[in-house]
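What follows is a single structure, written as structure tokens, with notes after it.
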Amino acid sequence: MSAPEHIRRRRSVRAALAATAAAAALAATTVACGTTEESLPSIGYALDNTVTTYNANTVDGAASGARQALARVLPGFGYVDPAGQVISDTDIGTATVVAQDPLTVQYRLSPDSVYSDGVPMSCDDLVLTWAAASGRFTAPDASGAAGNLFSAARRSGYVDIERIDCQAGSKDATVVFRGGRAYADWRALFGATELMPAHVAARVSGVPDVVAAVGGGDVEALRRLADFWNTGWNLTPGAVDLSLLPASGPYRIESFTVEDGLVLVANERWWGNKPGTDRIVVWPRGTDASAAASDDRVHVVDAATGALDLSLGDGAETTETASRNVEQLVLGTAGGSLGAPAARRAFALCVPRSQLFEEFGRAGDVPATGLGSGTTSSRLLPADSPLYPGVSAPAARYDDADATAARSELAAAGTDSITVRIGYLGPDARRARIVELIAQSCREAGIEVVDAASDTFTPSQLTAGQVDAVLAGTAAAAGTAGTADMQDARGSLNSAAGANVGRFADARVDRILDALAVTDDDAAIAGLVGEAETILWTEMPTLPLYAQPRETTFAGGLRAAVVNTSAAGAGWNMDRWILNR
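Dropping the structure here:
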């Protein structure tokens, strides 16, 4: 595996890239071979995000650090590798296409697969995942309008599934897609952190048969399931109910406190390779990560450059990477100061995108093209796509701040001044400085910018109208995010998706996104994306800034650790980590 051109390395990662489970096992035996090295029994892992739920699939859960913390607690049929691609996880099971028209995929869970509470994994877990993300199950809300029962962030792919043939309790499921909707990235479905323990939801909600409730469209049973699915897996340090948190991976949660972090220990019922280290302590925002780092209890730091101030001492080595996470502003489109497209364009015109890239978007020697080469010009294609240059023209108007043009757009919106409250998860010195620069630039245009950061901030506050914009990464994630297929980014612009926290709605963009989901022809993709970007740079639901640089720091002596600056984060293979001292 060669290092991508957009990565600046301040250390050699050759050993890490070559690490395998066999190498990890060898490292664990170095003491027996007569060396003085010993493997530490616990490894600390610090994140620049919160972990507020066991369910990484809700709107706020998907934007949290749950996917990084829990990928080896709740694995699925695939995981995201360091290149941002989905790789099959055959420890969980296999997925095989058995028909093309309609697309039909046979999922078969491992015969040995079992949760840490002793309940076998089953196709019920897939059915619950689909029910939550499909958008199919709705009921009238307080206003009388139909609303999704499940507060799911994602809909891409799952909305294209017609049905899942599953006999309750079985290890096999046949997933049948709708005719003409052969989802191109079907391998990304039912992945790490997406399969939640359906038996827990069934027990707590009082629904004896999840498969029957979903198959029969039992609204009252589904409402009870959804009520639990939406909030029942929330995590509060010091008040964790372990009976709700059975694991299906090599680790399980043992405890979660502010003082001692989120403690993961080896899952005794795991049927795959034993973890290299029996205990991983995750230190998300809101825990005493600084104190832990001072006490040499943190050995991995995974954060946007400048977001965390944690030192791992002598021997630690850092890699800075232009990631697949797009730093962006998500704008509220359903009302408030940015409800009018002209107001959103005015705000975008006073944001100094090029200056922000120069100060915060550079990761070492800037490449001529690709990730990290400059301001981001497309919301739907990655900057290293060969199609990217052909769709980037509409973005040029917004590269540099233009107060005169901004005032003109404000006039078109019927005003000469607005206030924009920018929310983000804090404290974060990097994002605070970004907001400060935006405020300085926009003041000249008659736009007052207010820093609305909070240590309890969630993207859903934009939906609730508590802020006017969110400063975050792809799909409003506070920390690491993004994949090579851009499905999270695309899905967050669909009017029916929970991740669309700005409530942007455009019928033509929805149709384009639906077409992209089943298209693999480059010419068709280029035409669809080009049309969509023209609309998006006019309607301005989001303002992409740049590929977020991220720093991954590994303590000296850490084996099998590999940088992953996609949505999976550095913890994607934490069960292989071994730290020798």
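Numbering (mature numbering (1 follows the signal peptide of the UniProt record, and there is no 0)), first residue to last: -27 to -1, 1 to 554.
By construction, the Cβ of each residue, glycine as well, lies at the ideal position given by its N, Cα and C atoms.
None of these values were measured; they are calculated from a predicted model.
Residue i classed as buried or exposed, judged by whether at least 16 other C-beta atoms fall within 10 angstroms
{"i": "residue 84", "result": "exposed"}
{"i": "residue 460", "result": "buried"}
{"i": "residue 124", "result": "buried"}
{"i": "residue 142", "result": "exposed"}
{"i": "residue 493", "result": "exposed"}
{"i": "residue 221", "result": "buried"}
{"i": "residue 351", "result": "buried"}
{"i": "residue 231", "result": "exposed"}
{"i": "residue 56", "result": "exposed"}
{"i": "residue 366", "result": "exposed"}
{"i": "residue 539", "result": "buried"}
{"i": "residue 10", "result": "exposed"}
{"i": "residue 392", "result": "exposed"}
{"i": "residue 278", "result": "buried"}
In DSSP terms, what residue i is bridged to
{"i": "residue 256", "result": "19"}
{"i": "residue 291", "result": "526"}
{"i": "residue 532", "result": "551"}
{"i": "residue 51", "result": "61"}
{"i": "residue 445", "result": "301"}
{"i": "residue 228", "result": "236"}
{"i": "residue 516", "result": "302"}
{"i": "residue 555", "result": "There is simply no residue 555 to check, as the chain begins at -27 and stops at 554 in what is shown."}
{"i": "residue 421", "result": "392"}
Cβ shell of residue i (< 6 Å), same chain only, five flanking positions each side left out
{"i": "residue 440", "result": "394, 396, 425, 434"}
{"i": "residue 175", "result": "183"}
{"i": "residue 401", "result": "280"}
{"i": "residue 33", "result": "431, 433"}
{"i": "residue 465", "result": "448, 472, 473"}
{"i": "residue 86", "result": "94"}
{"i": "residue 6", "result": "Any reading at residue 6 needs caution, since the residue's pLDDT is 44, under 50, leaving its predicted position unreliable; the model's value is listed next. Counting only Cβ-Cβ distances below 6 Å, and skipping sequence neighbours, we find nothing."}
{"i": "residue 561", "result": "Lying before the first or after the last residue shown, residue 561 is absent from the chain, which here runs from -27 to 554."}
{"i": "residue 107", "result": "131, 132"}
{"i": "residue 414", "result": "323, 325, 374"}
Residue i in three-state terms, based on DSSP
{"i": "residue 112", "result": "strand"}
{"i": "residue 46", "result": "coil"}
{"i": "residue 409", "result": "helix"}
{"i": "residue 145", "result": "strand"}
{"i": "residue 466", "result": "coil"}
{"i": "residue 310", "result": "helix"}
{"i": "residue 93", "result": "strand"}
{"i": "residue 550", "result": "coil"}
{"i": "residue 65", "result": "coil"}
{"i": "residue 276", "result": "strand"}
{"i": "residue 435", "result": "helix"}
{"i": "residue 207", "result": "strand"}
{"i": "residue 355", "result": "coil"}
{"i": "residue 427", "result": "strand"}
{"i": "residue 396", "result": "strand"}
{"i": "residue 365", "result": "coil"}
{"i": "residue 11", "result": "coil"}
{"i": "residue 511", "result": "helix"}
{"i": "residue 156", "result": "coil"}
{"i": "residue 241", "result": "coil"}
{"i": "residue 460", "result": "helix"}
{"i": "residue 521", "result": "strand"}
{"i": "residue 328", "result": "helix"}
{"i": "residue 501", "result": "helix"}
{"i": "residue 371", "result": "helix"}
{"i": "residue 164", "result": "coil"}
Sequence-distant residues of the same chain with beta carbon closer than 8 Å to residue i, five excluded per side
{"i": "residue 163", "result": "49, 50, 51, 68, 80, 99, 102"}
{"i": "residue 112", "result": "119, 120, 122, 192, 196"}
{"i": "residue 289", "result": "526, 527, 528, 529"}
{"i": "residue 74", "result": "152, 155"}
{"i": "residue 360", "result": "354, 495, 498, 499, 502"}
{"i": "residue 408", "result": "395, 397, 422, 424, 426, 444"}
Distance cut-off 7 Å: residue i Cβ against heavy atoms of the ligand SAH
{"i": "residue 232", "result": "This structure simply doesn't include the ligand SAH, nor any ligand for that matter."}
Close Cβ partners of residue i (< 7 Å) along its chain, the five nearest in sequence each way excluded
{"i": "residue 508", "result": "479, 481, 482"}
{"i": "residue 223", "result": "45, 239, 240, 243, 245, 248, 548"}
{"i": "residue 513", "result": "304, 314, 317, 318, 321"}
{"i": "residue 218", "result": "27, 226"}
{"i": "residue 60", "result": "51, 52, 54"}
{"i": "residue 251", "result": "14, 238, 239"}
{"i": "residue 346", "result": "339, 340, 356"}
For this session: Mind the definition here: the stretch 116 to 134 touches the stretch 149 to 157 only if three or more C-beta pairs lie below 8 Å; say whether that holds.
Result: yes
Exercise. Is the number of C-beta pairs between the stretch 441 to 456 and the stretch 480 to 492 that are closer than 8 Å three or more?
Worked result: no
Exercise. Is the stretch 370 to 390 in contact with the stretch 305 to 325, if contact means three or more CB pairs nearer than 8 Å?
Worked result: yes
For this session: Give a yes or no on contact between the stretch 324 to 336 and the stretch 536 to 545, applying the rule of three or more CB pairs nearer than 8 Å.
Result: no
Exercise. Three or more C-beta pairs closer than 8 Å, one from the stretch 10 to 21 and one from the stretch 258 to 277: is that the case here?
Worked result: yes
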